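In the order they appear, the protein sequences are chains A and B. For the first sequence, the positions run 676 to 918 when this note's numbering is used. For the second sequence, the positions run 676 to 918 when this note's numbering is used. Quick reminder that beta carbons are idealized off the backbone N, C-alpha and C, glycines included. Bear in mind that the values here come from a model prediction, so they are computed numbers and not experimental data. Reading through the structure tokens given below for one structure.
Number of protein chains: 2
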Amino acid sequence: MAVSERKKREYDQREGLIIDTARKLLLDRGYLDLNMDQIAEVTEYSKGTIYQHFSCKEEILVAMLSESADKAGQFLLRGSNLKGKPRERMAAMALGYDLFVCLNPDHFKAKLLVQNESIMRKASPTFQKKMDASNQQNMHLVAGVLRDAVAEGHVELKKGITPEEVAFGLWTGALGAYVLMSSEVNLHALGITDPRKAVWENMHALLDGFGWRPLSSELDYEQTRIRILKEVFPQEAAQVGRA
Amino acid sequence: MAVSERKKREYDQREGLIIDTARKLLLDRGYLDLNMDQIAEVTEYSKGTIYQHFSCKEEILVAMLSESADKAGQFLLRGSNLKGKPRERMAAMALGYDLFVCLNPDHFKAKLLVQNESIMRKASPTFQKKMDASNQQNMHLVAGVLRDAVAEGHVELKKGITPEEVAFGLWTGALGAYVLMSSEVNLHALGITDPRKAVWENMHALLDGFGWRPLSSELDYEQTRIRILKEVFPQEAAQVGRA
DNA sequence: CAAACAATTGACGTTTAGTCAATTTTTTTC
DNA sequence: GAAAAAAATTGACTAAACGTCAATTGTTTG
Numbered sequence: 676m677a678v679s680e681r682k683k684r685e686y687d688q689r690e691g692l693i694i695d696t697a698r699k700l701l702l703d704r705g706y707l708d709l710n711m712d713q714i715a716e717v718t719e720y721s722k723g724t725i726y727q728h729f730s731c732k733e734e735i736l737v738a739m740l741s742e743s744a745d746k747a748g749q750f751l752l753r754g755s756n757l758k759g760k761p762r763e764r765m766a767a768m769a770l771g772y773d774l775f776v777c778l779n780p781d782h783f784k785a786k787l788l789v790q791n792e793s794i795m796r797k798a799s800p801t802f803q804k805k806m807d808a809s810n811q812q813n814m815h816l817v818a819g820v821l822r823d824a825v826a827e828g829h830v831e832l833k834k835g836i837t838p839e840e841v842a843f844g845l846w847t848g849a850l851g852a853y854v855l856m857s858s859e860v861n862l863h864a865l866g867i868t869d870p871r872k873a874v875w876e877n878m879h880a881l882l883d884g885f886g887w888r889p890l891s892s893e894l895d896y897e898q899t900r901i902r903i904l905k906e907v908f909p910q911e912a913a914q915v916g917r918a
Numbered sequence: 676m677a678v679s680e681r682k683k684r685e686y687d688q689r690e691g692l693i694i695d696t697a698r699k700l701l702l703d704r705g706y707l708d709l710n711m712d713q714i715a716e717v718t719e720y721s722k723g724t725i726y727q728h729f730s731c732k733e734e735i736l737v738a739m740l741s742e743s744a745d746k747a748g749q750f751l752l753r754g755s756n757l758k759g760k761p762r763e764r765m766a767a768m769a770l771g772y773d774l775f776v777c778l779n780p781d782h783f784k785a786k787l788l789v790q791n792e793s794i795m796r797k798a799s800p801t802f803q804k805k806m807d808a809s810n811q812q813n814m815h816l817v818a819g820v821l822r823d824a825v826a827e828g829h830v831e832l833k834k835g836i837t838p839e840e841v842a843f844g845l846w847t848g849a850l851g852a853y854v855l856m857s858s859e860v861n862l863h864a865l866g867i868t869d870p871r872k873a874v875w876e877n878m879h880a881l882l883d884g885f886g887w888r889p890l891s892s893e894l895d896y897e898q899t900r901i902r903i904l905k906e907v908f909p910q911e912a913a914q915v916g917r918a
């Protein structure tokens, strides 16, 4: 059945086109002006065909986010493969995520919307499960590096604290920061001139606080940062013009 | 002009009614099912009158958030007035904010939406300025307690790190956590059984990481927590059933 | 009390999500 | 290869909701 295989490919390709178009329109016009007629017009398919792929507007958003969440996972994975101490690998994951966000400005725009339960609930359970699985995978990846550190004796977690809870702390710190950066909050007026740098510093303070060695007083993580960009994300760093 | 004063009072009162109604509908039905006709019906005013107060649906959301943001500021302020060391006062602010979020479940629902630039931009600049001012005030409050700590010699900030950046770290950690808690993410499946506790622990790790004394190894902050609830938020703690 | 002014209303125009009968295209059958 | 069956595509249509504004109701003033 080579024919039906081709059909399937064409179908998937069109789904990608719809998502990409929606992504572009979301960035250009914003959520409130994102509408199905326009998506239909730009993709040059009829509205009915769009609805063949997605049951509602919100489902396109969720699919968009699901796609970019997978991409984000790739950046985390690449970071975790840095040659070095677990804490350096963790730093590489954070830096990778930062690069991902820079390269995919739509990601947080969609995330803010889909985080809203009323929008998320309208999408099909299939997509919801996908998102959950994606979160779980990333959590597992981060907690895994931490477990490596514990195994190698670089850090002892206080009684009652799990690797997942530490991962949660890293997650929430990054999430909150990128939420603020992708929204209309005037960080500059609040005295935050370089939020990316602040996120990096705060992550290291958090890890120092857990006693994860080498502490930032024992290792120059600025050197690590440069090494990460060079060894793991050379192309992406160039793309966003990072030293 | 006693008459016009009364008029003004009635007008303000109605504005409050509209906001409260919208808040209730947002919690009950969610954003997508929140509509102006229903707000008009429930408040028993006509749609035209609602539009006398707010230029669009999104402006009601922003007003809702602005109101609860002020309330949140009160909790922070009360926390900052705890008798004790600066770091304890900081902990009291965090705990106060946590209680506020528990008591105002609509706050983060609205915040997630208003954080979206397309929704925020539709509201009038007046409200946008209000939100900025509110954020600035809170940032100032948090940074102020940190400055006290620096003045009293409890912490030395590394060169190049400002109190605002540390405040930013506390802010983003809390923001990200409450975003996740107020959304559909299944934290339990991710191994986070008590997110509030995790937020508390992570905050202390962050402050430990900055070297803010007394470190959590030097002082039993669980005792501080109990004291804060007793001395600063006795009523609120009882309301949410916190020990 | 009447005229001017202000506040309130809800019917109406417009936009857009989502549906579905009609049409076109593709596949199967003989 | 033609005809019939199945599948895919379309866009006119319905319903819902936003936001407007002319008409109406209520209030103040001279």
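Residues of chain A with a Cβ closer than 8 angstroms to the Cβ of B/Tyr706 are, in chain order, Asn791, Ser793 and Ile794.
For A/Ser721, there is no enclosing alpha helix (DSSP H), as DSSP marks it with neither H nor E.
With a 10 Å radius around the Cβ and a threshold of 16 neighbouring Cβ atoms, A/His863 comes out exposed. Across the stretch 843-854 of chain A, CB contacts with chain B closer than 9 angstroms involve Phe843, Gly844, Leu845, Trp846, Thr847, Gly848, Ala849, Leu850, Gly851, Ala852, Tyr853 and Val854, in sequence order along the chain. Per the C-alpha coordinates, the member of B/Leu882, B/Trp875 and B/Gly886 positioned closest to B/Ile901 is B/Trp875.
Between A/Gly754 and A/Ala744, the C-beta spacing is not below 9 angstroms. Listed along the chain, the chain A residues whose CB falls inside 7 angstroms of the CB of B/Phe885 are Ala880.
Listed along chain B are Asn810, each with a C-beta nearer than 7 angstroms to that of A/Val860. Out of A/Arg796, A/Ser858, A/Ala738 and A/Asn779, the CA that lies nearest to the CA of B/Ile794 is found in A/Ser858.
By the criterion of a C-beta distance shorter than 8 angstroms, A/Asp869 is surrounded by no residue of its chain, once the five residues flanking it on both sides are discounted. A/Arg917 carries a coil assignment under DSSP once its states are collapsed to helix, strand and coil.
Under the three-state reduction of DSSP, A/Pro889 is assigned to coil, being neither helix nor strand.
Within chain A, no residue has its CB atom less than 9 angstroms from the CB of B/Glu734, the nearest being about 13 angstroms off.
When B/His815, B/Lys732 and B/Arg762 are compared, the shortest CA-CA separation from B/Glu840 is found for B/His815. At least one CB atom of chain A sits nearer than 9 angstroms to the CB of B/Asp807. The C-alpha of B/Pro838 lies about 21 angstroms from the C-alpha of A/Leu850. Around the CB of B/Lys805, 16 or more other CB atoms lie within 10 Å, so the residue is classed as buried.
In terms of beta-carbon proximity, A/Gln898 stays away from the interface with chain B, with every pair separated by 9 angstroms or more. Rounded to the nearest angstrom, the gap between the Cα atoms of A/Met765 and A/Gln812 is 15 angstroms. Unbroken alpha helix (DSSP H) runs of no fewer than 4 residues, entirely contained in the stretch 757-816 of chain A, are found at 761-778, 781-789 and 792-797, following chain order. In this structure B/Thr801 is exposed. Its beta-carbon is surrounded by fewer than 16 other beta-carbon atoms within 10 angstroms. At the C-beta level, A/Pro761 and A/Leu702 stay beyond 9 angstroms of one another. Selection B/Asp895, B/Leu774, B/Glu742 and B/Val825 evaluated against B/Gln910 yields B/Leu774 as nearest (Cα-Cα). Among the CB atoms of chain A, one or more fall inside 9 angstroms of the CB of B/Gly866. Neighbours of B/Lys797 in chain A, taken as residues at a C-beta separation under 7 angstroms, are given in chain order as Leu707. In the three-state DSSP reduction, B/Ser858 falls in the coil class, being neither helix nor strand.
Residue nearest to A/Asp687 within the set A/Leu778, A/Phe729, A/Ala913 and A/Phe750 is A/Phe729 (criterion: CA-CA distance). Straight through space, the alpha carbons of A/Ala852 and A/Val817 are spaced by roughly 18 angstroms.
Take the alpha-carbon of B/Val717 and the one of B/Glu690: they are about 13 angstroms apart.
When the Cα atoms are used, A/Val854 and A/Lys784 turn out to be separated by approximately 9 angstroms.
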